[in-house]
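A quick write-up on the structure given underneath.
Residue numbers (the numbering used here), protein chains in the order written: chain A, 63 to 430; chain B, 63 to 430.
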């Protein structure tokens, strides 16, 4: 099965909506699980890894939650471009994309359920939802997990809980995370303060592709650090509460910019629009930052007729692998030509986006 | 007489054309002259300066070359804004604009002839022309000078020629200069090499407002350094020749960019267009650099329906004093508000400029 034919289109993916999706792009709950009496993938010999794989692969593929026709494949069957596409969709980790034979991916049609076999742990199972839907994501992955326990012999200690390759996942093996778009807090220069406060609550704040990556496009991933000593639903509820507060902080920051520095705000958004619509070469990194401002402009009403889905689609298709996929000569595309092709694509798509207008003032205080 | 009512409009001024005006914005020949037996303005006591002024003012005003109704005024009658407007039009020097009582300006209706009284010398007389017209400018100011010598007792030494306050003007008292727009040489990174070569020919290369100023908007002033030991028309011919070479170098640089780095060129011009059309606050300095790229875009055919006069008008009216002049609350305009007003004005005017298009390729080699 070809993963590129399996995946839903970027346009369709971008039309999905969820609660608070002005600010929360997506919610994710991931569980780490391992088979009893099989060495962890990082310590296993090839034969052991394949033995575990052969137990796990059919068990996961036949899970009712995966639907009748999931994508199920060994990673050696995927090209580097296929893997990079999956990373850009957040369906596999960057670490998993580097793996080959003995590692695998099983993904449902809706792309809401993704299971990595032989990543750092035997199983990394994640449920993904648009907007702020941590509870729904948790219930969904919990159902998968319960079902799986009846089929597999999972490594579990009465004292420590689920055993994992890395002690940071020990206990519940849960990672609850959300992707937040926080341009208001960045432009309002409150983001560092907010990150510190969130860290003090025991949550990590990272960039777009997780640990060690930059917060391109003002997109931040917030997730739990601790997996031990707290029940899964408590972790979910706690993070949900923090995320609702972050949403409120971001909304306040945007409102404050609109009231106190409207021209600075319109200037950032207008310039971003101007560059996106007229550049002839643009890097992936710059594009993310420009699209962040365009999305903010859509959110605050500067582009009355432009749906957020268009911007979200541009976020997706301007990333390196998605871009390459759209190029007629995809295999031989050099980085320099990719930047030119990205600009061509953006100029073309931006033709349907009208010149930004100052949003209607909410009160007399918003006038300059 | 009010200088602001006297001056021709920026739109009219920008419609003027001359030879090679794709690259040479304007040509200027200036003569420094002093009265015999009167101390130079910088060394004169107030009474002496006024005595010289009272001889010079009526003599200049009544020159036939000044026409029937020149602008003729003591600088104390001009407001700081009036003076800054004159500096931005290159009709008085920045040094002269700082002067008051005892200094004056006489300007003909066409703004091609401007005489400063009691600048560094008793007389600084200049002829200005659009495009590359050094000979015409020289003939025009020479006629003024010859006429003036019949009316005034000019300080002249058989050994040194015309005596001037600063020895750098001694001899002919002539300064021949042109304002060149050299974005091709700047983008092609050849400008420093060119400046060095021009310096070796005994010519100075300066920024937009003369000595010690920055080359904003890729605009460079080229002028003679030596005023001694060479006849005026020889200096004019020599500089004219150098300027023609510079024009050729700039045309070659543009052609080379079009052939070898078209995307880089279109990218600079496209982005400049995008920012000019969409910024909500923009400094004078950034504006000059953006307009330089817009002008280059017009020159190479990326804006088929846009005349160069529009860009040249924007160059003029986006400068601080001209901008302030157009503001309803001109006296109280803070720098921050000026940048917002400038952006408003540019966005408004840029509505008539269509999205840039890649120019038609001249040969198959120009394709990327």
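We put the CB at the ideal spot given by N, CA and C, even for glycine.
Per-residue burial, residue i [other beta carbons within 10 Å of its own, 16 or more giving buried]
{"i": "residue 127(B)", "result": "buried"}
{"i": "residue 229(B)", "result": "exposed"}
{"i": "residue 356(A)", "result": "buried"}
{"i": "residue 310(A)", "result": "exposed"}
{"i": "residue 64(B)", "result": "exposed"}
{"i": "residue 129(A)", "result": "exposed"}
{"i": "residue 342(B)", "result": "buried"}
{"i": "residue 98(B)", "result": "exposed"}
{"i": "residue 66(A)", "result": "exposed"}
{"i": "residue 186(A)", "result": "buried"}
{"i": "residue 150(B)", "result": "buried"}
{"i": "residue 325(A)", "result": "buried"}
{"i": "residue 316(B)", "result": "buried"}
{"i": "residue 173(B)", "result": "buried"}
{"i": "residue 287(B)", "result": "exposed"}
{"i": "residue 79(A)", "result": "exposed"}
{"i": "residue 405(B)", "result": "buried"}
{"i": "residue 340(A)", "result": "buried"}
{"i": "residue 94(A)", "result": "buried"}
{"i": "residue 426(A)", "result": "Any reading at residue 426(A) needs caution, since the residue's pLDDT is 45, under 50, leaving its predicted position unreliable; the model's value is listed next. When all chains shown are included, residue 426(A) counts as exposed."}
{"i": "residue 347(B)", "result": "exposed"}
{"i": "residue 250(A)", "result": "buried"}
{"i": "residue 188(B)", "result": "buried"}
{"i": "residue 208(A)", "result": "exposed"}
{"i": "residue 192(A)", "result": "buried"}
{"i": "residue 159(A)", "result": "buried"}
{"i": "residue 108(A)", "result": "exposed"}
{"i": "residue 258(B)", "result": "exposed"}
{"i": "residue 120(A)", "result": "exposed"}
{"i": "residue 295(B)", "result": "exposed"}
{"i": "residue 429(B)", "result": "With a pLDDT of only 39 at residue 429(B), under the threshold of 50, the placement of this residue in the model should not be trusted; the figure read from the coordinates follows. Label assigned to residue 429(B): exposed."}
{"i": "residue 114(B)", "result": "buried"}
Contacts of residue i in chain A (Cβ-Cβ under 8 Å)
{"i": "residue 507(B)", "result": "For chain B, the structure presents residues 63 to 430; residue 507(B) sits outside this window and is missing."}
{"i": "residue 418(B)", "result": "340"}
Selected residue, minimal CA-CA separation from residue i, among the options
{"i": "residue 145(B)", "options": "417(B), 401(B), 382(B)", "result": "382(B)"}
{"i": "residue 379(B)", "options": "408(B), 88(B), 338(B)", "result": "408(B)"}
{"i": "residue 196(B)", "options": "83(B), 373(B), 354(B), 327(B)", "result": "83(B)"}
{"i": "residue 14(A)", "options": "135(A), 100(A), 418(A), 190(A)", "result": "As shown, chain A starts at 63 and ends at 430. That puts residue 14(A) outside it, with no answer to give."}
{"i": "residue 314(B)", "options": "352(B), 161(B), 362(B), 112(B)", "result": "362(B)"}
{"i": "residue 106(B)", "options": "135(B), 364(B), 170(B), 184(B)", "result": "184(B)"}
{"i": "residue 413(B)", "options": "290(B), 401(B), 373(B), 385(B)", "result": "373(B)"}
{"i": "residue 401(B)", "options": "256(B), 354(B), 349(B)", "result": "349(B)"}
{"i": "residue 293(A)", "options": "222(A), 269(A), 321(A)", "result": "222(A)"}
{"i": "residue 112(B)", "options": "164(B), 143(B), 103(B), 251(B)", "result": "164(B)"}
{"i": "residue 225(A)", "options": "81(A), 102(A), 161(A), 360(A)", "result": "102(A)"}
{"i": "residue 367(A)", "options": "285(A), 143(A), 418(A)", "result": "418(A)"}
{"i": "residue 358(B)", "options": "387(B), 213(B), 421(B), 322(B)", "result": "421(B)"}
{"i": "residue 395(B)", "options": "337(B), 143(B), 175(B)", "result": "143(B)"}
{"i": "residue 212(A)", "options": "177(A), 397(A), 122(A), 398(A)", "result": "122(A)"}
{"i": "residue 239(B)", "options": "290(B), 152(B), 319(B), 253(B)", "result": "152(B)"}
{"i": "residue 157(A)", "options": "118(A), 147(A), 138(A), 182(A)", "result": "182(A)"}
{"i": "residue 91(B)", "options": "297(B), 291(B), 148(B), 345(B)", "result": "297(B)"}
{"i": "residue 364(A)", "options": "415(A), 205(A), 96(A), 214(A)", "result": "415(A)"}
The ligand GDP heavy atom lying under 6 Å from the CB of residue i
{"i": "residue 392(B)", "result": "Absence of the ligand GDP is noted for the structure shown, with no ligands found whatsoever."}
Expected contact under 8 Å - CB spacing of residue i and residue j to nearest Å
{"i": "residue 125(B)", "j": "residue 210(B)", "result": "7 Å"}
{"i": "residue 371(A)", "j": "residue 76(A)", "result": "4 Å"}
{"i": "residue 403(B)", "j": "residue 389(B)", "result": "6 Å"}
{"i": "residue 132(B)", "j": "residue 179(B)", "result": "That pair is no contact at about 13 Å."}
{"i": "residue 312(B)", "j": "residue 263(B)", "result": "About 16 Å; that fails the 8 Å criterion."}
{"i": "residue 166(A)", "j": "residue 135(A)", "result": "6 Å"}
9 Å Cβ cut-off: residues of chain A touching residue i
{"i": "residue 343(B)", "result": "325, 326, 328, 329"}
Partners in chain A for residue i, counting only beta-carbon separations shorter than 7 Å
{"i": "residue 402(B)", "result": "325"}
Residue-chain proximity (residue i, chain C), Cβ-Cβ < 7 Å
{"i": "residue 413(A)", "result": "This model lacks chain C altogether, as its protein chains are A and B."}
Stretch-stretch touch, CB-based, cutoff 8 Å, three pairs: the stretch 330–342 of chain B with the stretch 234–242 of chain B: Segments in contact, no.
Contact the stretch 241–254 of chain B vs the stretch 278–296 of chain B: 3+ CB pairs below 8 Å: yes
Segment contact flag, the stretch 191–205 of chain B with the stretch 294–305 of chain B, C-beta cutoff 8 Å, min 3 pairs: yes
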